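Below is one structure, written out as structure tokens, with a few remarks after it.
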Amino acid sequence: MSKTILITGSTDGIGKLAATQFATNGHVVYLHGRNADKLAATISEIKTISQNKQVHGFIADFSDLNSVHAMILQIQNEVPKLDVLINNAGIFKSPISKSKDDIDIRFAVNYFAPYILTQQLIPLLEKSTQPRIVNLSSAAQSPVSLNALVGQEEITTQAAYAQSKLALTMWNTYLAMTYKNITSIAVNPGSLLNTKMANEAYGQHWSPADKGANILYDLAITEAYIKNSGAYFDNDKGDEKGHFSNAHPDATNQEKIQQLITTTDTFLASL
Numbered sequence: 009m010s011k012t013i014l015i016t017g018s019t020d021g022i023g024k025l026a027a028t029q030f031a032t033n034g035h036v037v038y039l040h041g042r043n044a045d046k047l048a049a050t051i052s053e054i055k056t057i058s059q060n061k062q063v064h065g066f067i068a069d070f071s072d073l074n075s076v077h078a079m080i081l082q083i084q085n086e087v088p089k090l091d092v093l094i095n096n097a098g099i100f101k102s103p104i105s106k107s108k109d110d111i112d113i114r115f116a117v118n119y120f121a122p123y124i125l126t127q128q129l130i131p132l133l134e135k136s137t138q139p140r141i142v143n144l145s146s147a148a149q150s151p152v153s154l155n156a157l158v159g160q161e162e163i164t165t166q167a168a169y170a171q172s173k174l175a176l177t178m179w180n181t182y183l184a185m186t187y188k189n190i191t192s193i194a195v196n197p198g199s200l201l202n203t204k205m206a207n208e209a210y211g212q213h214w215s216p217a218d219k220g221a222n223i224l225y226d227l228a229i230t231e232a233y234i235k236n237s238g239a240y241f242d243n244d245k246g247d248e249k250g251h252f253s254n255a256h257p258d259a260t261n262q263e264k265i266q267q268l269i270t271t272t273d274t275f276l277a278s279l
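Here the working numbering is used: the first residue of the sequence shown is 9, the next is one more, and so on.
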């Protein structure tokens with residue numbers, strides 16, 4: 009049965025590869041990118057490869073939360089329902105360190121943007137019979153400084169990236185607890201996959217990008233994962249495919265999760 013799937017950050021890397029897989033298998037796919045020309049080219053390429061005309065796209069700069077809100081309005085107007093939302097867009101290295109809202113750009117793109125997007129698209133997901141959210145975490149996870157989160161503390165690029173990914177993983181736990189009818193899974197798709205982000209950050213890779221794309225595809229639509237809401241899948245744990253594992257302890261710490269969500273909501277309300 010065809011599903012309607014939205015993948016953020018899908019004009020290159022594992023997002024693009026996964027989108028191609030979904031389209032090839034007959035699903036309705038919505039891409040997201042920052043650059044209009046690149047997005048149009050990617051849509052055209054995937055349509056040609058998959059022979060599927062149901063490939064569409066939305067433009068938003070996730071470092072600009074106003075741009076995220078504009079994209080949400082477009083989605084709400086154009087997409088009748090969503091079966092799967094894959095929060096894949098992410099950033100590590102960047103020529104600028106701060107977003108337009110004066111927070112570290114890694115927190116903006118990796119955490120706040122998917123947080124806002126997902127919360128506003130819950131009604132569309134709830135129209136699906138088996139809705140799923142897949143949140144792209146990372147092996148890099150470290151305790152979240154709430155001051156750094158809201159731009160009141162300067163931290164390093166590596167620290168901001170690792171904290172943003174733990175924040176996303178903690179929020180995934182919250183989603184699973186709050187929306188019992190939606191399967192929400194956090195995933196480390198694999199460390200140092202052969203993607204633009206990993207190669208720019210570290211100048212090397214350990215595994216092919218397909219490894220990450222394949223697990224996104226599986227977690228998004230395979231029946232076997234429907235009961236794993238709130239879990240963390242670590243794709244570093246196996247060769248071709250990993251397994252569910254423990255994330256950082258804070259990912260399931262109810263007190264810290266509540267502090268994170270309260271701080272997040274308070275900050276977003278102030279913008």
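Even glycine gets a Cβ: it sits at the ideal position worked out from N, Cα and C. Just so we're clear, the structure is a prediction, and the values are computed from it rather than from any experiment.
query                                                                                                                                                                : result
Can you name the start and end residues of the beta strand (DSSP E) that residue 14 belongs to?                                                                      : 12-15
Counting only the same chain and skipping the five closest in sequence on each side, list residues whose C-beta sits under 7 angstroms from that of residue 211.     : In this predicted model, residue 211 has a pLDDT of only 44, less than 50, meaning its place in the structure is not dependable enough to derive any value.
Going by DSSP, name the residue or residues bridged to residue 194.                                                                                                  : 143, 240
Could you please give the first and the last residue of the uninterrupted alpha helix (DSSP H) stretch that includes residue 51?                                     : 44-58
Our contact map puts residue 170 next to residue 148 with C-beta atoms below 8 angstroms; I'd like the distance itself, whole angstroms only.                        : 4 angstroms
Let me make sure I understand the geometry here. Which of 32, 58, 15 has the alpha-carbon closest to that of residue 41?                                             : 15
Cβ atoms of residue 190 and residue 2: under 9 angstroms apart, would you say?                                                                                       : What the structure shows of the chain is the stretch from 9 to 279, and residue 2 is not part of that stretch, so it cannot be assessed.
Let me know if residue 251 comes out buried or exposed under the rule of 16 or more other beta-carbons within 10 Å of its beta-carbon.                               : exposed
Residues in the same chain with beta-carbon distance under 6 angstroms from residue 205, minus the five sequence neighbours each way, listed in chain order, please. : Unreliable positioning characterises residue 205 in this predicted model, as indicated by a pLDDT of 49, which lies under 50. The coordinate reading is nonetheless provided below. Hits under 6 angstroms: 100.
Mind reading off the beta-carbon distance from residue 143 to residue 194? Whole number of angstroms is fine, and I expect it under 8 angstroms.                     : 5 angstroms
Using DSSP's beta-bridge definition, name the partner residues of residue 226.                                                                                       : Beta-bridge pairing links residue 226 to no other residue.
Where does residue 273 fall in DSSP's three states?                                                                                                                  : helix
Go to residue 95, then tell me how far its beta strand (DSSP E) extends in each direction, as first and last residue.                                                : 92-95
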